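For reference, the structure is listed below as structure tokens.
2 protein chains.
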Amino acid sequence: MSLLVIGTVAFDAIETPFGKTDKIIGGAATYIGLSASYFTKNINMVSVVGDDFPADGIANFHKHGINTDGLQVKQGEKSFFWSGKYHNDMNTRDTLATELNVLADFDPVVPAAYQDCEYLMLGNLMPKLQMRVLDQMTTRPKLIVMDTMNFWMETAWDDMMKVIARVDVLSVNDEEARQLSGEYSLVKAAQKIMAMGPKFLIIKKGEHGALLFHKDQIFFAPALPLEDVFDPTGAGDTFAGGFIGHIAATNDASFENMKRAIIYGSAMASYCVEKFGTERIIGLTAEEVEDRVKQFVDLVQFDMTLV
Amino acid sequence: MSLLVIGTVAFDAIETPFGKTDKIIGGAATYIGLSASYFTKNINMVSVVGDDFPADGIANFHKHGINTDGLQVKQGEKSFFWSGKYHNDMNTRDTLATELNVLADFDPVVPAAYQDCEYLMLGNLMPKLQMRVLDQMTTRPKLIVMDTMNFWMETAWDDMMKVIARVDVLSVNDEEARQLSGEYSLVKAAQKIMAMGPKFLIIKKGEHGALLFHKDQIFFAPALPLEDVFDPTGAGDTFAGGFIGHIAATNDASFENMKRAIIYGSAMASYCVEKFGTERIIGLTAEEVEDRVKQFVDLVQFDMTLV
């Protein structure tokens with residue numbers, strides 16, 4: 001099924017206890033698109049870059065079957081740039097630089113061929129831009145997934161709430177769920193957030209896994225325990241890409257299938273953090289993806305019927 | 001199979017954001033014994049109390065099928081007392097008072113009938129007392145499980161390491177695993193700790209669940225997402241009680257059966273935190289235990305074969 005992905009395509013400069021990078025390609029739409037490409041092939045990306053964005057970066061999207069007709073290239077302007085440094089625990093980071101550049105006056109345009117796409121992934125971006133994309137859809141997608149972050153809760157609350165009211169699945173991390181709901185308990189937070197509109201809620205807990213809520217049902221998937229987390233940048237977006245990619249590929253947005261989608265997303269995220277940026281997720285084989293999924297099965301499955 | 005449990009039997013005074021208690025019955029051996037009693041009936045407790053310990057507290061152990069021949073009652077002395085106050089996040093607490101009392105010169109004596117027990121649970125206690133119990137076993141138990149804590153890492157390192165070298169399963173929390181191994185990554189920490197002696201390692205992560213390591217295998221069980229954690233006191237011991245109780249009942253210390261034991265332990269712990277102290281775990285029915293286990297199955301199980 002067709003999948004539309006919006007979000008940033010950007011440059012990142014990352015420093016972790018293991019090393020640092022120069023400007024490398026990053027951005028929410030980049031990670032989501034690449035990750036989803038392991039599951040489904042009819043993907044379109046709506047985003048914006050400057051003329052400093054390398055041709056081989058765009059060629060890499062094409063190699064992954066991602067259509068970039070919706071990727072605006074602004075001549076004479078620079079791509080969005082983010083720089084950050086992770087602390088030793090890898091769970092917290094300092095932002096060293098944020099240069100909006102082309103993002104400052106970005107007006108997303110959805111190509112006509114994608115205005116009736118079945119699956120829509122609103123990657124993290126200014127809520128009013130997520131809304132602009134929603135408004136261009138001529139047919140309501142079968143499933144709309146939205147990722148957002150605390151920054152918009154603090155700077156664009158009203159816009160964000162309007163988008164949240166229109167989506168099927170919201171994806172936030174645990175601290176964001178608490179901030180959004182005013183509840184410390186994630187179970188209570190989930191009930192309040194689902195009352196804002198989304199029928200499904202994903203709460204990402206980083207190294208502690210992810211929770212999927214729907215009505216009074218809860219599903220939990222752990223993160224894979226790793227010897228080293230090399231660079232967590234993009235892990236949440238890579239997770240989202242695997243999630244929506246599996247759902248689009250199977251054309252099944254049931255709670256049962258979302259459980260599998262969460263496992264695929266977790267498997268992709270566990271690869272993402274093994275190297276800097278997108279390095280690990282650009283050249284995976286189907287076997288590697290399945291091997292990782294198998295590790296998740298071994299990690300959590302037990303047989304109570306044998307007792 | 002017969003199970004020997006050692007650890008404290010004590011008074012606790014607890015303050016949480018939900019309220020506070022006077023002196024109530026607590027202690028590692030109390031929680032372990034009560035929790036294990038839902039799975040196996042041949043349980044002996046080795047511990048010590050003062051003459052201030054209420055007769056109905058001991059009667060309650062008997063009601064749960066726990067033999068107290070190894071529970072010393074010291075006339076003219078007072079029971080061990082601990083008082084603590086939990087912070088709002090329930091993950092951290094301040095110790096307000098620790099009165100060793102009878103524990104100061106406790107010399108554990110294992111009744112002759114229990115010196116050949118098949119399963120031994122060394123609850124958290126001074127390592128040299130755990131060793132004293134080990135030394136009294138005439139037959140090496142089929143499985144020895146040891147729980148310990150950071151306090152002993154700081155005050156009794158050498159004694160603790162000698163006990164660790166002699167047990168099959170070590171149970172610590174994530175911060176303790178890091179302190180014990182000097183490794184931040186729990187995967188690396190687990191390998192180092194298993195090299196110290198234990199063939200199995202349980203790392204408890206509180207609200208984030210628990211990991212079981214054995215050679216290069218890892219099993220993960222989440223904690224049940226709860227609307228409220230009312231009082232976390234005793235949750236780790238209750239977990240350990242469910243774990244060893246299930247293993248003793250099934251007489252099966254395989255990795256596959258330990259997975260189920262971890263789930264039973266997690267189910268018992270999820271009940272423990274719903275009320276103050278032992279209140280919730282003294283009157284559970286078999287149906288309640290099975291219902292909770294069913295919730296864990298629903299929480300983590302997914303079917304990849306349908307894809």
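For the record, the sequence lines run as chains F and L.
If you count by the working numbering, then the first sequence holds residues 1 to 307, one letter each, in order.
If you count by the working numbering, then the second sequence holds residues 1 to 307, one letter each, in order.
Think of the CB as a built atom: it goes at the ideal place given N, C-alpha and C, for glycine as much as any other residue.
Since the model is a prediction, treat every value here as computed from it, not as a measurement.
Under 8 angstroms, do G241/F and G33/F count as touching if we go by C-beta distance? It is a contact, given that the beta carbons lie within the stated cut-off.
Buried or exposed: H246/L, going by 16 or more other Cβ atoms within 10 Å of its Cβ? buried
According to a CB-to-CB cut-off of less than 8 angstroms, which residues of the stretch 197 to 223 of chain F neighbour chain L? K205, H208, G209, L211, Q217, I218, F219, F220, A221 and P222
Could you check if A195/L is buried or exposed, using at least 16 other CB atoms within 10 Å of its CB as the buried criterion? Here A195/L is exposed. Its C-beta has fewer than 16 other C-beta atoms within 10 Å.
Buried or exposed: where does E176/L fall if 16 or more other Cβ atoms within 10 Å of its Cβ makes it buried? buried
Status (buried if at least 16 other CB within 10 Å, exposed otherwise) for Q130/L: Flag for Q130/L reads buried.
Near-chain L residues of the stretch 235 to 263 of chain F (beta-carbon distance less than 9 angstroms), N- to C-terminal order: H246, T250, E256, N257, K259, R260, I262 and I263
What does S185/L reach in chain F if we use C-beta pairs closer than 9 angstroms? P225, L226, E227, D228 and V229
Residues of the stretch 67 to 99 of chain F with a CB closer than 9 angstroms to any CB of chain L: list them in chain order, please. N88, D89 and M90
Using 8 angstroms as the threshold, is the stretch 257 to 264 of chain F in touch with the stretch 48 to 64 of chain F, meaning 3 or more CB pairs across them? no
Does the beta carbon of L41/L sit closer than 8 angstroms to a beta carbon anywhere in chain F? Note that residue 41/L is Lys in the sequence shown, not Leu. For K41/L, the answer is no, since every Cβ of chain F falls outside 8 angstroms of its Cβ.
Starting from the beta carbon of L299/L, find every residue of chain F whose beta carbon is closer than 8 angstroms, and list them in chain order. Ordered by position in chain F, the residues that pass the 8 angstroms Cβ test against L299/L are I218, F219 and F220.
Do I144/L and V167/L have their C-beta atoms closer together than 8 angstroms? A contact, by the Cβ cut-off of 8 angstroms.
Straight-line CA distance for E99/F to F80/F? 6 angstroms
Nearest-angstrom Cα distance between A210/F and V300/F? 13 angstroms
Can you tell me which of P54/L, G26/L and S2/L puts its alpha carbon nearest to the alpha carbon of A13/L? Nearest C-alpha to A13/L among P54/L, G26/L and S2/L: G26/L.
Alpha carbon to alpha carbon, how far is V293/F from R260/F? Give it in angstroms, no decimals. 10 angstroms
Applying a beta-carbon distance threshold of less than 8 angstroms, which residues of chain L neighbour V293/F? M304
Could you give the uninterrupted runs of the beta strand (DSSP E) lying entirely in the stretch 91 to 134 of chain F, keeping only those of 3 residues or more? 93 to 99 and 119 to 122
K188/F versus chain L: which residues are under 7 angstroms apart at the beta carbon? E227
From L201/F to F213/F, what does the alpha carbon distance come to, in whole angstroms? L201/F and F213/F: Cα-Cα distance of roughly 5 angstroms.
Please tell me whether A28/L and G7/L are closer than 8 angstroms, where the distance is taken between their beta carbons. yes
For L306/L, which three-state DSSP category applies? With a pLDDT of only 48 at L306/L, under the threshold of 50, the placement of this residue in the model should not be trusted, and no figure is reported.
When the Cα atoms are used, what is the spatial distance from F106/F to K78/F? 12 angstroms
Rounded separation between E279/L and D228/L - CA only: 16 angstroms
Alpha carbon to alpha carbon, what distance is there between S47/F and D69/F? Here the C-alpha atom of D69/F lies approximately 10 angstroms from the C-alpha atom of S47/F.
Since H214/F is in the beta strand (DSSP E), which residue starts that stretch and which ends it? A210 to H214
So what does L71/L bridge to, in DSSP terms? S47/L.
Compute the Euclidean distance between the alpha carbons of D303/L and P54/L, then round it to the nearest angstrom. 51 angstroms
Comparing alpha-carbon positions, which option in T233/F, Q217/F, G57/F and A221/F lies nearest I94/F? Looking at the sequence shown, residue 94/F is not Ile but Asp. Nearest option by C-alpha distance: T233/F.
Of all the options I43/F, Q136/F, G206/F and W157/F, which has the alpha carbon lying nearest to the alpha carbon of M126/F? Selected option, being the one with the closest Cα: W157/F.
State the Cα-Cα distance for the pair R132/F and E183/F, rounded to the nearest angstrom. R132/F and E183/F: Cα-Cα distance of roughly 30 angstroms.
Just verifying my parser: in three-state terms, what is the DSSP assignment at L180/L? Secondary structure at L180/L: helix, using DSSP grouped into helix, strand and coil.
For R140/F, which of L284/F, Y119/F, N150/F and S270/F has the nearest alpha-carbon? Y119/F
Just confirm the distance between the C-beta atoms of Q75/L and D51/L, as a whole number of angstroms; I'd bet it's less than 8 angstroms. 5 angstroms
When we look at the beta-carbon of A189/L and count the other beta-carbons within 10 Å, is it buried (16 or more) or exposed? Around the beta carbon of A189/L, a 10 Å sphere encloses 16 or more other beta carbons of the protein chains shown; the residue is thus reported as buried.
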